[in-house]
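Numbering (my numbering), first residue to last: 1037 to 1397.
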């Protein structure tokens, strides 16, 4: 199940390394429809997603690397990895929980980002591939790791569905003392397929199932407001191309250097698995639907990608990917009016997010 014989043309030996006494490896997932996903247990990084276009031609539609050393040393450390203990930003790297202040690494301007420099993206997870289409990852984050309280036990499962080209990511986490938990997958998608150079996603047609979003300040921290998308470039309730308004002199787009905002998803009830967003590449006809149980989705248009090299010589310039990071809202520990991310010892964190790929009829 993890040999070099795969559509992604990845070699298992290129992903086998011992890091701090734990072994990294390559895992190849396949479904009966011919979809293939390659992942490694270093950061649970997704290395490739091979799906057909309208003509049946397979391409890799996610930005990734072709060796473990390249994953570890990537100029984009969060490239298509699992993010934790806290996805997105926490203002000034500080929050207070039950009267005690916690200090975190400041690794994004004045703020904490994505669990810190040695967050879940930079850890070797235990891994077990249970069948051709499923791999289970587990990691125990020690009390105090990256400044967060409580020992957090995390399980993440990647599973390919049998009857559709869908990747389902399921998360579970428990803690032994009150903590904050906001996990996400930071997949950098390009439905055209990665190349040298990878084309931009500015012509991708996107819809987002959200009437509201979280505006940000000049350091990308939410202001605490929840505003209507109506009448703004943030409105994707009907289909728009990414590039149609991204360069407008709108203060939110200036603050984010493009789209880098959390959308407040329309939900009938909290925690339901419902449609968050859709994306279509007009050239290849490939489509992607994102479903999630989370209240928000961070939409990021690869504004800071600098043209570095990835898998098989592909290069990743600015705007060569779009991310749909299902999560709670950024800086929630410091925003009492946002849905809580506090996890208690007698509770369990659960999330399901599905990336369903297809072709426009």
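Where a beta carbon is used, it is the ideal one built from N, C-alpha and C, also for glycine.
No experiment lies behind these values; they were computed from the predicted model shown.
Residues of its chain near residue i, where Cβ-Cβ distance is below 6 Å and the 5 sequence neighbours each way are ignored
{"i": "residue 1085", "result": "1073, 1097, 1098"}
{"i": "residue 1063", "result": "1038, 1075, 1165, 1171"}
{"i": "residue 1186", "result": "1179, 1211, 1212, 1213, 1215"}
Paired residues, beta bridge with residue i - DSSP
{"i": "residue 1263", "result": "1249"}
{"i": "residue 1139", "result": "1130"}
{"i": "residue 1096", "result": "1086"}
{"i": "residue 1059", "result": "1054"}
{"i": "residue 1154", "result": "Residue 1154 is not bridged to any residue."}
{"i": "residue 1334", "result": "1298, 1361"}
{"i": "residue 1208", "result": "1191, 1386"}
{"i": "residue 1125", "result": "1149"}
{"i": "residue 1072", "result": "1066, 1086"}
{"i": "residue 1394", "result": "1323"}
{"i": "residue 1203", "result": "1196, 1391"}
Contacting residues, own chain, Cβ-Cβ under 8 Å from residue i (five flanking each side not counted)
{"i": "residue 1300", "result": "1246, 1247, 1248, 1249, 1250, 1262, 1331, 1332, 1365"}
{"i": "residue 1170", "result": "1065, 1193, 1194, 1195, 1196"}
Residue from the options with nearest C-alpha to residue i
{"i": "residue 1321", "options": "1067, 1360, 1271, 1092", "result": "1092"}
{"i": "residue 1153", "options": "1170, 1396, 1120, 1138", "result": "1120"}
{"i": "residue 1258", "options": "1369, 1390, 1137, 1059", "result": "1369"}
{"i": "residue 1232", "options": "1296, 1349, 1041", "result": "1349"}
{"i": "residue 1410", "options": "1081, 1220, 1215, 1327", "result": "Not covered by the structure: residue 1410. The range shown for the chain is 1037 to 1397."}
{"i": "residue 1243", "options": "1144, 1272, 1127, 1329", "result": "1272"}
{"i": "residue 1342", "options": "1112, 1051, 1180", "result": "1112"}
{"i": "residue 1191", "options": "1130, 1220, 1234", "result": "1220"}
{"i": "residue 1296", "options": "1302, 1260, 1311, 1338", "result": "1338"}
{"i": "residue 1265", "options": "1256, 1288, 1255", "result": "1288"}
{"i": "residue 1391", "options": "1367, 1230, 1361, 1298", "result": "1361"}
{"i": "residue 1269", "options": "1260, 1256, 1255, 1284", "result": "1284"}
{"i": "residue 1371", "options": "1126, 1110, 1046", "result": "1126"}
{"i": "residue 1199", "options": "1314, 1069, 1045", "result": "1069"}
Through-space distance from residue j to residue i, alpha-carbon basis
{"i": "residue 1089", "j": "residue 1394", "result": "8 Å"}
{"i": "residue 1143", "j": "residue 1397", "result": "44 Å"}
{"i": "residue 1105", "j": "residue 1282", "result": "34 Å"}
{"i": "residue 1082", "j": "residue 1100", "result": "7 Å"}
{"i": "residue 1336", "j": "residue 1223", "result": "10 Å"}
{"i": "residue 1182", "j": "residue 1160", "result": "15 Å"}
{"i": "residue 1274", "j": "residue 1051", "result": "42 Å"}
{"i": "residue 1373", "j": "residue 1133", "result": "15 Å"}
{"i": "residue 1150", "j": "residue 1174", "result": "18 Å"}
{"i": "residue 1156", "j": "residue 1291", "result": "27 Å"}
{"i": "residue 1131", "j": "residue 1139", "result": "7 Å"}
{"i": "residue 1307", "j": "residue 1378", "result": "15 Å"}
{"i": "residue 1363", "j": "residue 1305", "result": "16 Å"}
{"i": "residue 1267", "j": "residue 1207", "result": "36 Å"}
{"i": "residue 1212", "j": "residue 1179", "result": "9 Å"}
{"i": "residue 1252", "j": "residue 1328", "result": "23 Å"}
{"i": "residue 1309", "j": "residue 1388", "result": "7 Å"}
{"i": "residue 1094", "j": "residue 1077", "result": "24 Å"}
{"i": "residue 1043", "j": "residue 1122", "result": "33 Å"}
{"i": "residue 1324", "j": "residue 1352", "result": "20 Å"}
{"i": "residue 1312", "j": "residue 1145", "result": "29 Å"}
{"i": "residue 1344", "j": "residue 1375", "result": "37 Å"}
{"i": "residue 1237", "j": "residue 1228", "result": "8 Å"}
{"i": "residue 1163", "j": "residue 1293", "result": "37 Å"}
{"i": "residue 1053", "j": "residue 1102", "result": "14 Å"}
{"i": "residue 1217", "j": "residue 1129", "result": "15 Å"}
{"i": "residue 1058", "j": "residue 1357", "result": "31 Å"}
Own chain partners of residue i with C-beta closer than 7 Å, once the 5 adjacent residues on each side are dropped
{"i": "residue 1239", "result": "1277, 1279, 1318"}
{"i": "residue 1189", "result": "1176, 1209, 1210"}
{"i": "residue 1117", "result": "1079, 1080, 1081, 1157, 1222"}
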